[in-house]
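Asker: Going left to right, the sequence shown walks through residues 301 to 406 as my numbering numbers them. Backbone N, C-alpha and C fix where the C-beta goes; we use that ideal spot for every residue, glycine too. Please read these numbers as outputs of a predicted model, since none were measured by experiment.
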Amino acid sequence: LQYKVVTMGDGAKPAATDTVKVHYRGTLLDGTEFDSSYARNEPISFALNRVIAGWTEGVQLMPVGSNFVFYIKPELAYGASGGGPIPPNSTLIFEVELLDIETETE
Numbered sequence: 301l302q303y304k305v306v307t308m309g310d311g312a313k314p315a316a317t318d319t320v321k322v323h324y325r326g327t328l329l330d331g332t333e334f335d336s337s338y339a340r341n342e343p344i345s346f347a348l349n350r351v352i353a354g355w356t357e358g359v360q361l362m363p364v365g366s367n368f369v370f371y372i373k374p375e376l377a378y379g380a381s382g383g384g385p386i387p388p389n390s391t392l393i394f395e396v397e398l399l400d401i402e403t404e405t406e
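#1: Could you spell out where the alpha helix (DSSP H) holding Thr391 opens and where it closes?
#2: Taking the alpha-carbon positions, what's the Tyr338 to Ala380 distance?
#3: With a cut-off of 8 Å, do at least 3 Cβ pairs link the region 364-384 to the region 392-403?
#4: Quick check on DSSP: helix, strand or coil for Leu488?
#5: Tell me, please, whether the region 301-316 touches the region 368-378 by the rule of three or more beta-carbon pairs shorter than 8 Å.
#6: When you compare each of Pro374, Gly326 and Asn349 to Asn389 by their alpha carbons, which one comes out closest?
#7: Sort Pro343, Thr356, Tyr324 and Gly358 by Cα distance to Gln334 and report the nearest one.
#8: How far does the alpha helix (DSSP H) with Glu357 in it extend, from its first residue to its last?
#9: Please work out which residues of its chain come closer than 7 Å, Cβ to Cβ, to Thr307, disregarding the five sequence neighbours upstream and downstream, and give them in chain order.
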């Protein structure tokens with residue numbers, strides 16, 4: 301996983317078992333946008349352990365308030381099968397803004 305820090309926040313970092321709220325934009329290497337919460341104008345919440353491995357690994361590096369760009373190889377994304385608008389063996393670029401952590405409570 302490669303990443304670039306655009307903005308470093310000063311909040312807590314999520315664990316793999318946490319649910320996070322993010323804004324994001326996903327593109328292919330050629331710049332084709334395949335998904336964007338910004339376009340929907342609504343952030344999304346999801347459990348970090350229920351998404352592609354590149355997200356699980358990368359978002360744990362981000363303090364709340366951060367904005368990172370992730371370069372995710374196919375092995376940590378959708379692999380040889382691809383998915384929907386994502387062709388097989390695609391490296392994906394995600395701009396991710398971590399808005400909040402919704403920690404699991406026992």
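Answerer: Walking through what the data contain:
#1: Your numbering for residue 391 matches position 91 in the sequence shown. Careful: Thr391 lies outside any alpha helix (DSSP H) and carries neither H nor E.
#2: Against the sequence shown, residue 338 aligns to sequence position 38. Against the sequence shown, residue 380 aligns to sequence position 80. Cα to Cα, Tyr338 sits roughly 28 Å from Ala380.
#3: yes
#4: Limits of the chain in this structure are 301 at one end and 406 at the other, which puts residue 488 out of reach.
#5: yes
#6: Locating residue 389 in the sequence shown gives position 89, counting from the first residue. The shortest Cα separation from Asn389 among Pro374, Gly326 and Asn349 belongs to Pro374.
#7: On the sequence shown, position 34 is the one that residue 334 refers to. The question names Gln, yet the displayed sequence has Phe at residue 334. Checked all of Pro343, Thr356, Tyr324 and Gly358; the closest Cα to Phe334 is Tyr324.
#8: Residue mapping note: residue 357 aligns to position 57 of the sequence shown, counting from 1. From DSSP, the alpha helix (DSSP H) with Glu357 extends over Ala353 to Val359.
#9: For the purposes of this step, residue 307 is taken as residue 7 along the sequence shown, with counting starting at 1. Answer for Thr307: Ser366 and Asn367, listed in chain order.
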